[in-house]
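*Asks:* Before I ask anything, here is the structure I am working with.
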Amino acid sequence: MPEGTLCNKQPINTDEQLKLVLNDKGGKQYYAEMEQLDVDTEKLWNTIQKTMKSRLKTWLEICAHCGLCSESCFLYQVNGRKPEQVPSYKIQSTLGEIVKKKGQVSNEFMRHCMDVAWSWCTCCNRCGQFCPHGIDMGVMFSYLRGLLYSQGFVPWELKIGSGMHRVYRAQMDVTTEDWVETCEWMAEENEEEWPGLEIPVDKEGADIMYTCNAREPKHYPEDLAEAAILFHVAGENWTVPSEGWEQTSLSMFAGDWECCKDNVENVYAAIERLKPKRAIGTECGHAHRATVIEGPYWVGREDGQPPVPFMHYVEWLLEALETGKIKIDPAKRIKEPVTLQDSCNYVRNQGLKNVTRKIIEYIVEPGYFREMAPNKEYNYCCGGGGGFNGIGKYRPQRNVALLKKLQQIQDTGAKLVIAPCHNCWDAIRDLEEEYEIGIRWSFLKPLVINMMIVPDHLKPEE
Amino acid sequence: MYDLLTGPLLWLVFIVTFVGLIVRVVMYIRGLNWKLDRVAYRPHLGHGLKHAARSIVFFLIPFGTHSWRSRPLFTILFFAFHIGLLVTPIFLEAHNVMLEKSLGIRLPGLPAGVADMLAWTVVVGGLFMVLRRIAFSDVRILTTAYDYILIVISVAPFATGLIARYELGNYDFWLIAHILTGEIWLLALPFTKLSHVVLFFMSRMQLGMDYGIKRGGMKGTSMSW
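Sequences listed follow chains G and S, in order.
Taking our numbering, the leading residue of the first sequence gets 13, the next gets one more, and so forth.
Taking our numbering, the leading residue of the second sequence gets 24, the next gets one more, and so forth.
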């Protein structure tokens with residue numbers, strides 16, 4: 013069978029097709045069809061010839077096979093140090109083979125590549141810091157994912173995820189109406205406790221345009237309310253766009269580069285339309301990476317920068333604390349052992365390690381903060397990065413992957429983990445559910461709301 | 024035979040090797056693509072070059088990076104092997120004599136004892152590299168025949184040179200063997216994975232620019248990578 017009804021080389025572009033794939037519970041039919049899917053070897057080789065430039069070509073060629081990357085990989089460590097989990101081996105035996113065979117590979121091999129690309133590597137980029145030749149396997153796996161996606165060999169959930177982005181321009185089926193209604197609902201819901209609280213939609217020329225992760229309006233609308241409360245207390249002139257509010261990119265995890273470009277164009281269009289002085293994104297690592305770090309390149313911005321300065325939430329929060337827009341009540345600071353999860357996507361990939369630590373100084377009583385080991389840009393992935401968290405087929409492998417973070421957290425002795433990233437937050441929640449080690453986890457927003465000093469004029473009248 | 028190998032053939036080898044390596048460098052730079060690599064090389068060249076230099080320098084210093092510190096024994100082996108490989112042929116007194124004869128210039132010469140020690144380091148280091156590839160499962164799985172051949176190509180000039188120097192067996196034979204294996208080694212540089220003599224710098228420079236421009240350098244963080 014060249015193309016299946018559900019599993020095929022075509023991206024999901026219509027609501028109808030989206031529902032069709034979505035209704036195939038667990039992707040049973042989807043994966044069955046995948047076993048019959050033809051590999052378009054000619055197209056595969058053509059794509060490689062066009063897109064594989066000196067960086068990747070050289071990396072594949074000059075890998076000295078020294079094995080210095082092995083211990084750098086948490087998946088190698090937690091999977092019994094199986095040699096098959098050595099990062100260099102993982103990429104040489106998948107992408108390396110496709111290139112060696114000039115694209116002449118079988119369906120079975122492509123399915124093997126899919127397993128490796130999505131369940132043996134989270135594209136955390138940690139190995140890249142250990143290779144003497146500067147070879148970054150995370151970058152190469154991301155490239156391999158693109159090749160696999162274009163041939164239809166992509167996990168069911170990520171095919172749907174990128175389809176969601178294509179149809180709804182959000183990782184979940186949140187429409188413009190749903191979004192605007194959620195903003196109104198959250199403002200109303202909280203205005204009694206926070207008089208004057210607003211979530212202004214489409215205000216032109218605001219100081220800040222706020223964007224978030226579609227999970228927030230869909231499943232955790234209180235996160236949106238918390239952002240509003242903090243902007244309100246900080247006295248910010250802010251807005252959210254009715255369109256272009258979603259900054260995540262499951263398409264980046266799926267390797268659907270065309271869709272990535274469309275997502276980011278949508279956010280940037282909101283910036284052009286509303287002309288804010290700057291944009292702030294929510295506590296989400298991959299959303300930040302997609303919109304701020306990689307996004308400018310997807311849309312072809314030569315300077316590699318978004319149209320206006322675009323900050324991760326932790327950067328805004330630190331600024332608010334440093335300028336005194338938000339003041340912390342010292343009596344309410346955290347007084348229990350607490351640790352911090354450094355997200356790969358804005359720490360290793362954008363150097364925001366010190367920002368989060370300065371926030372910790374404001375909100376944690378001295379002596380209670382425990383660093384994970386290793387930490388900062390050497391921290392390990394939460395265990396569920398790169399889409400791993402959401403793929404049912406690889407849930408057992410993901411649960412094994414969580415063991416590294418579990419051990420790191422337990423070693424700190426902390427009972428509370430601050431995780432300013434949706435994906436890390438999810439992984440840590442799952443690890444508690446799976447292994448019950450007795451920890452709690454939190455974004456920064458609720459913690460700060462509970463310990464900030466609210467100016468009298470913003471308090472409700474008694 | 025000796026005159027041919029050290030005369031016209033040697034010149035040809037030098038030309039092919041050096042032109043070959045220059046071509047590799049040029050091809051590498053021409054094959055960079057800001058859009059596909061997702062690094063704005065040109066608009067932030069200053070940041071990029073600063074971090075590129077930083078990346079190269081720290082990886083050239085033994086124990087200079089987190090990576091080198093994580094495997095101390097490998098690091099020592101690796102640096103000793105590479106120092107021996109590079110320093111010995113360039114500063115060996117006998118090579119200097121040849122250089123002076125043909126071009127009339129000479130480089131500072133190595134004392135014989137030091138040269139011997141460095142050559143032995145390469146031979147023993149090569150041996151350990153082979154043993155390491157056999158002993159550790161994470162390195163074994165990566166190793167192919169090609170990797171062994173490259174070690175043999177790299178170590179052979181040193182092994183034959185030492186045999187000739189100690190005059191074990193037929194001196195003339197081992198001298199010719201030394202020259203031939205040396206020329207094979209030079210020729211292998213641009214055409215095999217040994218091209219890392221130049222591509223190491225290019226690849227490190229690229230990742231340095233990647234970190235410098237995109238992954239933290241512009242946020243004022245000096246990331247170690």
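We put the CB at the ideal spot given by N, CA and C, even for glycine.
Between which two residues does the beta strand (DSSP E) holding G:Val117 run?
*Replies:* Taking the first sequence and counting its residues from 1, the one referred to as residue 117 of chain G is at position 105. Careful: G:Val117 lies outside any beta strand (DSSP E) and carries neither H nor E.
*Asks:* Mind the definition here: the segment 120-136 of chain S touches the segment 168-187 of chain S only if three or more C-beta pairs lie below 8 Å; say whether that holds.
*Replies:* No, because fewer than three Cβ pairs between the segment 120-136 of chain S and the segment 168-187 of chain S fall closer than 8 Å, the two stretches do not touch.
*Asks:* Look at the alpha carbon of S:Val39 and the alpha carbon of G:Cys81, and state the distance between them as a whole number of angstroms.
*Replies:* Within the second sequence, the letter at position 16 stands for residue 39 of chain S. Within the first sequence, the letter at position 69 stands for residue 81 of chain G. When rounded, the distance between both Cα atoms is 33 Å.
*Asks:* Can you tell me whether DSSP reads G:Ser454 as helix, strand or coil?
*Replies:* Here residue 454 of chain G corresponds to residue number 442 of the first sequence, with the count starting at 1. Note: G:Ser454 maps to strand in three-state DSSP.
*Asks:* At which residues does the beta strand (DSSP E) containing G:Ala291 begin and terminate?
*Replies:* Taking the first sequence and counting its residues from 1, the one referred to as residue 291 of chain G is at position 279. Here the beta strand (DSSP E) through G:Ala291 covers 290-293.
*Asks:* Taking C-beta pairs closer than 8 Å, name the residues in chain S that G:Tyr280 reaches, listed in chain order.
*Replies:* If you number the first sequence from 1, residue 280 of chain G lands on position 268. None at all; the shortest Cβ gap to chain S is about 16 Å.
*Asks:* Considering Cα atoms alone, identify which of G:Trp269, G:Gln420, G:Leu364, G:Glu83 is closest to S:Asp161.
*Replies:* Residue 161 of chain S sits at position 138 when you count from the first residue of the second sequence. With distances taken between Cα atoms, S:Asp161 lies closest to G:Glu83.
*Asks:* Return the chain-ordered ranges of every alpha helix (DSSP H) run that is complete within the segment 42-123 of chain G and spans a minimum of 4 residues.
*Replies:* List check, alpha helix (DSSP H) in window: 53-63, 66-74, 86-90, 99-103, 109-112.
*Asks:* Quick one: is S:His201 buried, meaning 16 or more other Cβ sit within 10 Å of its Cβ, or exposed?
*Replies:* As a first step, residue 201 of chain S is located in the second sequence; it is residue number 178 there, counting from the start. Answer is buried; the Cβ neighbour count reaches 16.
*Asks:* For G:Lys417, count neighbouring Cβ atoms within 10 angstroms of its own Cβ and tell me buried if that reaches 16, exposed if not.
*Replies:* The count along the first sequence starts at 1 and reaches residue 417 of chain G at position 405. Buried is the call here.
*Asks:* Fully enclosed by the segment 216-241 of chain G, which beta strand (DSSP E) runs are 3 residues long or longer?
*Replies:* Those beta strand (DSSP E) runs which fall completely within the segment 216-241 of chain G and span 3+ residues are 220-223.
*Asks:* So, are the CB atoms of S:Leu59 and G:Thr63 less than 8 Å apart?
*Replies:* Position 36 of the second sequence holds residue 59 of chain S. Position 51 of the first sequence holds residue 63 of chain G. Cβ atoms of S:Leu59 and G:Thr63: closer than 8 Å.
*Asks:* Mind pulling the chain S residues with CB within less than 9 Å of G:Cys272?
*Replies:* As a working note, residue 272 of chain G is residue 260 in the first sequence. What G:Cys272 touches in chain S: nothing, since even the nearest Cβ is about 11 Å away.
*Asks:* Can you list the beta strand (DSSP E) stretches of 3 or more residues lying completely in the segment 142-220 of chain G, in chain order?
*Replies:* Within the segment 142-220 of chain G, no complete beta strand (DSSP E) run reaches 3 residues.
*Asks:* In angstroms with no decimal places, state the Cα-to-Cα distance between G:Thr106 and S:Arg129.
*Replies:* Counting from one through the first sequence, the residue named residue 106 of chain G turns up at place 94. Counting from one through the second sequence, the residue named residue 129 of chain S turns up at place 106. Going by the C-alpha atoms only, they are around 49 Å apart.
*Asks:* For the alpha helix (DSSP H) that contains S:Thr144, what are its first and last residues?
*Replies:* Taking the second sequence and counting its residues from 1, one reaches residue 144 of chain S at position 121. Run containing S:Thr144: 135-158, per the alpha helix (DSSP H) assignment.
*Asks:* Would you verify that the beta carbon of S:Pro66 is, or is not, closer than 8 Å to some beta carbon of chain G?
*Replies:* Here residue 66 of chain S refers to the residue found at position 43 when the second sequence is read from its first residue. Yes, its Cβ sits closer than 8 Å to a Cβ of chain G.
*Asks:* Taking all protein chains shown into account, decide if G:Ala431 is buried (16 or more other Cβ within 10 angstroms of its Cβ) or exposed.
*Replies:* Residue mapping note: residue 431 of chain G aligns to position 419 of the first sequence, counting from 1. Label assigned to G:Ala431: buried.
*Asks:* What residues from chain G crowd round S:Trp208, counting only those whose CB sits closer than 9 Å?
*Replies:* For the purposes of this step, residue 208 of chain S is identified with residue 185 of the second sequence, where counting begins at 1. None at all; the shortest Cβ gap to chain G is about 16 Å.
*Asks:* What is the DSSP secondary structure of G:Phe5, reduced to helix, strand or coil?
*Replies:* Outside the shown range of chain G (13 to 474) lies residue 5 of chain G, about which nothing can therefore be said.
*Asks:* Whose C-alpha, out of S:Leu68, S:Lys216, S:Ala187, is nearest the C-alpha of S:Ser177?
*Replies:* What you label residue 177 of chain S is simply residue 154 of the second sequence in a count that begins at 1. The option with the nearest alpha carbon to S:Ser177 is S:Lys216.
*Asks:* According to DSSP, what are the bridge partners of G:Leu428?
*Replies:* On the first sequence, residue 428 of chain G is found 416 positions in, with the first residue counted as 1. Answer is G:Val350, G:Arg452.
*Asks:* Counting only beta-carbon atoms, is G:Arg67 nearer than 8 Å to chain S?
*Replies:* If you number the first sequence from 1, residue 67 of chain G lands on position 55. Chain S, which has a Cβ nearer than 8 Å to the Cβ of G:Arg67, makes this yes.
*Asks:* Report all residues from its chain with a CB closer than 7 Å to the CB of G:Ala439; omit the five preceding and five following residues, and keep chain order.
*Replies:* In the first sequence, counting from the first residue as 1, residue 439 of chain G sits at position 427. Correct list, in chain order: Cys394, Gly395, Gly396, Asn401, Leu414, Lys417.
*Asks:* I'd like to know whether the C-beta of G:His77 is nearer than 8 Å to at least one C-beta of chain S.
*Replies:* For the purposes of this step, residue 77 of chain G is taken as residue 65 along the first sequence, with counting starting at 1. Output row for G:His77: interface = yes.
*Asks:* For a cutoff of 8 Å on Cβ pairs, would you count G:His145 as touching chain S?
*Replies:* Sequence index remark: in the first sequence, residue 145 of chain G carries index 133 (1-based). Interface residue, yes.
*Asks:* Looking at C-alpha atoms only, which residue of S:Ala142, S:Gly243, S:Ser93 is the closest neighbour of G:Cys139?
*Replies:* Mapped onto the first sequence, residue 139 of chain G falls at position 127. Per the Cα distances, S:Ser93.
*Asks:* What does the Cβ neighbour count give for S:Tyr169, buried or exposed, with the cut at 16 atoms within 10 Å?
*Replies:* Within the second sequence, numbered from 1, the residue matching residue 169 of chain S stands at position 146. Exposed: under 16 other Cβ atoms inside 10 Å.
*Asks:* Taking Cβ positions, are G:Cys125 and G:Leu156 nearer each other than 8 Å?
*Replies:* Position 113 of the first sequence, counted from the start, is the residue given in the question as residue 125 of chain G. Position 144 of the first sequence, counted from the start, is the residue given in the question as residue 156 of chain G. Yes. Within cutoff.
*Asks:* Select from the segment 88-99 of chain S all residues with a C-beta closer than 9 Å to any C-beta belonging to chain G, and list them in chain order.
*Replies:* Residues passing the 9 Å Cβ filter: Thr88, His89, Ser90, Trp91, Ser93, Arg94, Phe97.
*Asks:* For the alpha helix (DSSP H) that G:Ile340 lies in, which residues bound it at each end?
*Replies:* For the purposes of this step, residue 340 of chain G is taken as the residue at position 328 of the first sequence. Looking at the DSSP string, G:Ile340 is not in any alpha helix (DSSP H), and its letter there is neither H nor E.
*Asks:* Going by Cα to Cα distance, which pick from G:Ile110, G:Val326, G:Cys78 is closest to G:Pro95?
*Replies:* In the first sequence, counting from the first residue as 1, residue 95 of chain G sits at position 83. Looking at the Cα atoms, G:Cys78 is the closest of the given residues.
*Asks:* Compare the C-alpha of S:Thr88 against each of S:Asp233, S:Lys237, S:Arg227 and name the closest.
*Replies:* Here residue 88 of chain S is taken as the residue at index 65 of the second sequence, counted from 1. For the residues S:Asp233, S:Lys237, S:Arg227, the minimum Cα distance to S:Thr88 belongs to S:Arg227.
*Asks:* So is G:Glu96 in contact with chain S if we call contact Cβ pairs under 8 Å?
*Replies:* Along the first sequence, one-based indexing puts residue 96 of chain G at 84. By this cut-off, G:Glu96 is an interface position.
*Asks:* Taking a contact to mean a Cβ-Cβ separation below 8 Å, would you say G:Cys296 touches G:Thr260 in this structure?
*Replies:* Against the first sequence, residue 296 of chain G aligns to sequence position 284. Against the first sequence, residue 260 of chain G aligns to sequence position 248. Yes, the Cβ-Cβ distance between G:Cys296 and G:Thr260 is below 8 Å.
*Asks:* Taking Cβ-Cβ distances below 7 Å as the criterion, which residues of the segment 40-65 of chain G are in contact with chain S?
*Replies:* Correct list: Thr63, Lys65.
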